[in-house]
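**Student:**
There are 2 protein chains.
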Amino acid sequence: MYKVSGNVWIEGRHGAFIGLGRMKLLERIKEHGSITVAARSMKMSYRQAWELVDSMNKESVKPLVVTAAGGVGGGGTVVTAEGDKAIKNYKQLFTRFEKFSKSETAKLKI
Amino acid sequence: MYKVSGNVWIEGRHGAFIGLGRMKLLERIKEHGSITVAARSMKMSYRQAWELVDSMNKESVKPLVVTAAGGVGGGGTVVTAEGDKAIKNYKQLFTRFEKFSKSETAKLKI
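Residue numbers (this note's numbering), protein chains in the order written: chain A, 1 to 110; chain B, 1001 to 1110.
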């Protein structure tokens, strides 16, 4: 009947660094090579997506997302190796939290 | 530099059953024998506190809080054994979640 649920995220020096929504946004940016398209695919405004990216970049020593201006074929938005690391770290944390929640739910049934 | 943080709660059939705020409210009701005084001590409106208590009572087979009307010295609001169990269960869950967060934070430092 009862179920343990929750949220888990990683904080940096000044506040939120990465959580489920930010992790998904990074994945979409990686997929589409564009903050605009990534934002649209998540029904988020460009401004909101940009602010989340900016916040993640500011919490990190190295940026997670970089935008190359101009060049042949126009600029591109890229998730860096640091960004990939953040995605991977959060996914592992999330998976372990799901395991924790399941095990805690089982304890409630006793 | 990075720190794992989060929220954890227990859900019933229809939604939230008990989380940190509701657990604290139950403790205050137990302490003061009154929803009104408990609410005030948490800078919460009576209505808000009553709704939280009502929601917990509805998610539970047995009520967590009962109010006795009238009687010598007026009615009293009491946290039941079921309420004590909910407080205890949530506290244990919260403690284990804090341990989980600490251990996850340590992993991020590697």
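Just so you know, even glycine gets a beta-carbon here, dropped at the ideal spot from N, CA and C.
Using a Cβ-Cβ cut-off of 8 Å, state whether A:E104 counts as contacting chain B.
**Tutor:** Looking up residue 104 of chain A in the first sequence gives position 104. Answer yes: the Cβ-Cβ gap between A:E104 and chain B drops below 8 Å somewhere.
**Student:** With a cut-off of 8 Å, does the C-beta of A:I87 fall near any C-beta of chain B?
**Tutor:** Taking the first residue of the first sequence as 1, we reach residue 87 of chain A at position 87. No, A:I87 lies away from the interface with chain B (no Cβ there is under 8 Å from its Cβ).
**Student:** If we count the other Cβ atoms within 10 Å of its Cβ and call it buried at 16 or more, is A:E22 buried or exposed?
**Tutor:** For the purposes of this step, residue 22 of chain A is taken as residue 22 along the first sequence, with counting starting at 1. In the sequence as displayed, the identity of residue 22 of chain A is Arg instead of Glu. Its Cβ being crowded by 16 or more others within 10 Å, A:R22 is buried.
**Student:** Roughly how many angstroms lie between the CA atoms of A:A49 and B:M1001, to the nearest whole one?
**Tutor:** If you number the first sequence from 1, residue 49 of chain A lands on position 49. If you number the second sequence from 1, residue 1001 of chain B lands on position 1. Cα to Cα, the separation comes out at about 24 Å.
**Student:** May I have a chain-ordered list of the beta strand (DSSP E) segments no shorter than 3 residues that lie completely inside the region 31 to 97 of chain A?
**Tutor:** If we require 3 residues or more, the beta strand (DSSP E) runs fully inside the region 31 to 97 of chain A come out as 65 to 68, 76 to 79.
**Student:** Return the first residue and the last residue of the beta strand (DSSP E) that B:G1006 is part of.
**Tutor:** For the purposes of this step, residue 1006 of chain B is taken as the residue at position 6 of the second sequence. Where B:G1006 is concerned, the enclosing beta strand (DSSP E) stretches over 1003 to 1011.
**Student:** Could you tell me whether the region 1096 to 1110 of chain B touches the region 88 to 97 of chain A, where touching means 3 or more Cβ pairs closer than 8 Å?
**Tutor:** With the cut-off at 8 Å, the region 1096 to 1110 of chain B and the region 88 to 97 of chain A touch.
**Student:** Is the beta carbon of B:E1059 sitting closer than 8 Å to the one on B:F1017?
**Tutor:** Here residue 1059 of chain B is taken as the residue at index 59 of the second sequence, counted from 1. Here residue 1017 of chain B is taken as the residue at index 17 of the second sequence, counted from 1. A contact, by the Cβ cut-off of 8 Å.
**Student:** Thinking C-alpha only, which one of A:H14, A:E31, A:V8, A:K62 is nearest A:L20?
**Tutor:** As a first step, residue 20 of chain A must be located in the first sequence, where it is residue number 20. Taking only the C-alpha atoms, the option nearest A:L20 is A:V8.
**Student:** With a threshold of 8 Å between beta carbons, is B:R1022 in contact with chain A?
**Tutor:** Counting from one through the second sequence, the residue named residue 1022 of chain B turns up at place 22. By this cut-off, B:R1022 is not an interface position.
**Student:** Is the beta carbon of A:G33 sitting closer than 8 Å to the one on A:G76?
**Tutor:** Taking the first sequence and counting its residues from 1, one reaches residue 33 of chain A at position 33. Taking the first sequence and counting its residues from 1, one reaches residue 76 of chain A at position 76. Yes, the Cβ-Cβ distance between A:G33 and A:G76 is below 8 Å.
**Student:** Out of A:V4, A:H14, A:Y46, which one is the CA nearest neighbour of B:E1011?
**Tutor:** Taking the second sequence and counting its residues from 1, one reaches residue 1011 of chain B at position 11. Nearest option by C-alpha distance: A:V4.
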